[in-house]
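A.B. asks: In the UniProt record's numbering, the protein residues as written are 1 to 174. Ideal Cβ placement from N, Cα and C applies to all residues, glycine included.
(1) Taking 9 Å as the threshold (C-beta atoms), are residue 130 and residue 78 in contact?
(2) Looking at the secondary structure, which residues open and close the beta strand (DSSP E) in which residue 167 lies?
(3) Going along the chain, which residues of its own chain have a beta-carbon closer than 6 Å to the beta-carbon of residue 104, five neighbours each way excluded?
(4) Can you find the residues in the same chain that come closer than 8 Å, C-beta to C-beta, to residue 155, ignoring five residues on each side of it along the sequence?
(5) Can you give the Cα-Cα distance for residue 56 and residue 66, rounded to whole angstroms?
(6) Going along the chain, which residues of its own chain have a beta-carbon closer than 8 Å to the beta-carbon of residue 117, five neighbours each way excluded?
(7) Grouping DSSP H, G and I as helix and E and B as strand, with all else coil, what is residue 155?
(8) Got a sec? Which residues, its chain only, sit under 8 Å from residue 120 by beta carbon, not counting five neighbours each side?
(9) Locate the alpha helix (DSSP H) running through residue 63, then write down its first and last residues.
(10) Alpha carbon to alpha carbon, what distance is there between residue 128 and residue 137?
(11) Nearest by alpha-carbon distance to residue 126: which of 152, 60, 169 and 63 is it?
(12) Taking just the CA atoms, how far does residue 50 sit from residue 12?
(13) Helix, strand or coil for residue 105 per DSSP?
(14) By alpha-carbon positions, which one of 80, 68 and 144 ends up nearest to residue 91?
(15) Can you tell which of 99, 162, 167 and 139 has its C-alpha closest to the C-alpha of residue 153?
(16) For residue 98, which three-state DSSP category applies?
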């Protein structure tokens with residue numbers, strides 16, 4: 001006679017040493033019936049040492065502190081305004097790719113789109129973390145492909161601690 005155990009159901013328990021019922025299924029090869037019995041299983045002492053509620057509270061407090069710190073840092077950043085005056089074909093759009101996270105870390109798929117304005121003026125204004133930034137303009141085609149601007153990468157030095165200042169970048173394209 002063949003006897004095997006099916007995967008057991010996990011039951012959580014707040015205290016160690018408690019015993020909880022766990023269904024056990026035994027199958028016999030010669031018969032078509034299934035016998036189900038309830039077995040008593042003791043839990044490890046490790047379960048008691050985990051205080052999930054206090055861990056969640058500490059994690060939540062840490063996350064709130066990090067969010068507050070990030071908001072303070074963003075508020076102290078300088079605004080950078082990119083302006084491109086160039087006509088594009090229908091369905092095309094400019095994106096600015098740069099080495100900082102705000103500009104997609106040189107990944108055009110996540111880089112921010114520029115906004116079209118009358119007169120074929122494209123603008124993008126955002127707060128960028130201070131320091132050196134390498135960037136390039138990219139055209140997104142209607143079919144989803146990207147065309148990078150020709151030439152070397154452009155560079156920009158974003159000033160430290162000047163939140164009221166706006167740096168305007170207006171590159172020329174042929």
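C.D. replies: Judging by the given coordinates:
(1) The residue labelled residue 78 in the question sits at position 78 within the chain shown. The residue labelled residue 130 in the question sits at position 130 within the chain shown. Taking 9 Å as the Cβ cut-off, residue 78 and residue 130 qualify as a contacting pair.
(2) Locating residue 167 in the chain shown gives position 167, where the first residue counts as 1. First-last of the beta strand (DSSP E) with residue 167: 166–169.
(3) Along the chain shown, one-based indexing puts residue 104 at 104. Contacts found: 97, 110 and 111.
(4) Position 155 of the chain shown, counted from the start, is the residue given in the question as residue 155. If we look at residue 155 and ignore the five residues flanking it on each side, its Cβ neighbours are 132, 133, 134 and 135.
(5) Residue mapping note: residue 56 aligns to position 56 of the chain shown, counting from 1. Residue mapping note: residue 66 aligns to position 66 of the chain shown, counting from 1. So the alpha carbons of these two residues sit roughly 15 Å apart.
(6) As a working note, residue 117 is residue 117 in the chain shown. Contacts found: 123.
(7) Counted from its first residue, the chain shown places residue 155 at position 155. Three-state result, residue 155: strand.
(8) Sequence index remark: in the chain shown, residue 120 carries index 120 (1-based). Closer than 8 Å at the Cβ level, and outside the excluded window around residue 120, lie 85, 86, 87 and 88.
(9) If you number the chain shown from 1, residue 63 lands on position 63. 52–75 is the extent of the alpha helix (DSSP H) around residue 63.
(10) Residue mapping note: residue 137 aligns to position 137 of the chain shown, counting from 1. Residue mapping note: residue 128 aligns to position 128 of the chain shown, counting from 1. If you take the alpha carbons of residue 137 and residue 128, they lie about 16 Å apart.
(11) Translated into positions along the chain shown, residue 126 becomes position 126. Looking at the Cα atoms, 169 is the closest of the given residues.
(12) The residue you call residue 12 lines up with position 12 of the chain shown. The residue you call residue 50 lines up with position 50 of the chain shown. Any reading at residue 12 must be qualified, since the residue scores a pLDDT of 45, below 50, and its modelled position is unreliable; no value is offered.
(13) Here the question's residue 105 lines up with position 105 in the chain shown. It is helical.
(14) Within the chain shown, numbered from 1, the residue matching residue 91 stands at position 91. Comparing Cα positions, the closest option is 144.
(15) In the chain shown, the residue the question calls residue 153 occupies position 153. For the residues 99, 162, 167 and 139, the minimum Cα distance to residue 153 belongs to 99.
(16) Working through the chain shown from its first residue, we reach residue 98 at position 98. In the structure shown, residue 98 sits in a strand (DSSP, three-state: E or B).
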